[in-house]
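Visitor:
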Amino acid sequence: MSNLQRFLEDTRGVDTIPLKMVVYLSITALVILLATAAWNNISPVVDDTDIDRQLEEAALKISSIQHGYARDVSSKGTDGSMCTVELSLPEHVMYVAFGVDPDPDGDGNISNTEWSVEDNIILCGYASGFKTRVLISGETVHFRKGAQEENGLWIFHESAYPNSNTSEGVMIEGPISGEFTFELVFDEGKKTLSHF
């Protein structure tokens, strides 16, 4: 028997192990590739579901304070009924607006058109120009942007949005993450004042 024949007989079983390994690695890579593609298709749906859940929780909290105590906005007495809304939204959310649409023409620019008041609405604006609305059930909710004076009193921020034709509404621009507090106050009717 020649040396070549002995070598081929000795390596006969070894040849199939690397081939099996290559096949298994190829199958594993294909599964990972398919899982990644599936996640990229599912991820936006999961994000949108989480955004909707957070906004619906915010609407419920804001609705819950509407029948509570309303502090006179010029009084430093007892705080009005308050709630804190927690939001942690993805980067593609441009803004969340409470009681106002800052981009009624939907072009993605919040400073080129007059804002339109939308009572009882939380509006979420996306970078794509798409918007979603969440209804706050119950009586009419009038949102006002708050400003804190040196003495700690929260009052209306009259010039909060210079490009707007209205003093109503509150807007949070992205990136949006944190706790946002609202207080029920009274000034010729009940208003929901932001503390941020």
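The opening residue of the sequence shown carries number 8 in our numbering; numbering runs sequentially from there.
All C-beta atoms in this analysis are idealised placements derived from N, C-alpha and C, irrespective of residue type, glycine included.
#1: Does the stretch 175-182 come close enough to the stretch 96-105 that 3 or more CB-CB pairs lie under 8 Å?
#2: Going by DSSP in three states, VAL53 sits in which element: helix, strand or coil?
#3: In the structure shown, what three-state DSSP assignment does THR35 receive?
#4: Residues in the same chain with beta-carbon distance under 6 Å from THR139, minus the five sequence neighbours each way, listed in chain order, please.
#5: Which residues in the same chain as VAL53 place their Cβ atom closer than 8 Å to its Cβ, once the five residues preceding and following it in sequence are excluded?
#6: Under 7 Å, do LYS83 and LEU142 count as touching if we go by C-beta distance?
#7: Taking Cβ positions, are LYS198 and ARG151 nearer each other than 7 Å?
#8: Label ALA77 either buried or exposed according to how many other C-beta atoms from any shown protein chain fall within 10 Å of its C-beta, with 16 as the threshold for buried.
#9: Taking GLY145 as the reference, give the member of ARG60, ALA66 and MET28 with the closest Cα.
#10: With GLU175 as the anchor, note down where its beta strand (DSSP E) starts and where it stops.
#11: In or out: VAL29 buried (at least 16 other Cβ within 10 Å) or exposed?
#12: Mapping the DSSP letters down to three states, classify VAL148 as helix, strand or coil.
#13: Note down, in chain order, each residue of its chain lying with its Cβ closer than 6 Å to the Cβ of VAL177, except the 5 sequence neighbours on either side.
#14: If I follow the unbroken beta strand (DSSP E) through LYS198, where does it start and stop?
#15: Using 10 angstroms around the beta-carbon of PRO109, count the other beta-carbons present and answer buried if the total reaches 16, otherwise exposed.
#16: Return the CA-CA distance between PRO111 and PHE137, expressed in angstroms with no decimal places.
#17: Residue ranges of each alpha helix (DSSP H) run of no fewer than 4 residues wholly in the stretch 108-151, ordered along the chain?
Guide: In brief:
#1: yes
#2: Model confidence at VAL53 stands at a pLDDT of 49, short of 50, so the residue's coordinates are unreliable; what they give is reported in the following sentence. Helix at VAL53.
#3: helix
#4: CYS131
#5: Note that VAL53 scores 49 on pLDDT, short of 50, meaning its location in the model is unreliable and no value can be drawn from it.
#6: For the 7 Å CB-CB criterion, LYS83 and LEU142 do not form a contact.
#7: In this structure, LYS198 lies near ARG151, with their beta-carbon atoms less than 7 Å apart.
#8: buried
#9: Cα-wise, what sits closest to GLY145 is ALA66.
#10: Per DSSP, GLU175 belongs to no beta strand (DSSP E) and is neither H nor E.
#11: exposed
#12: coil
#13: PHE105, PHE150, LYS152 and SER201
#14: 197-201
#15: buried
#16: Near 11 Å, if we compare the C-alpha coordinates of PHE137 and PRO111.
#17: none
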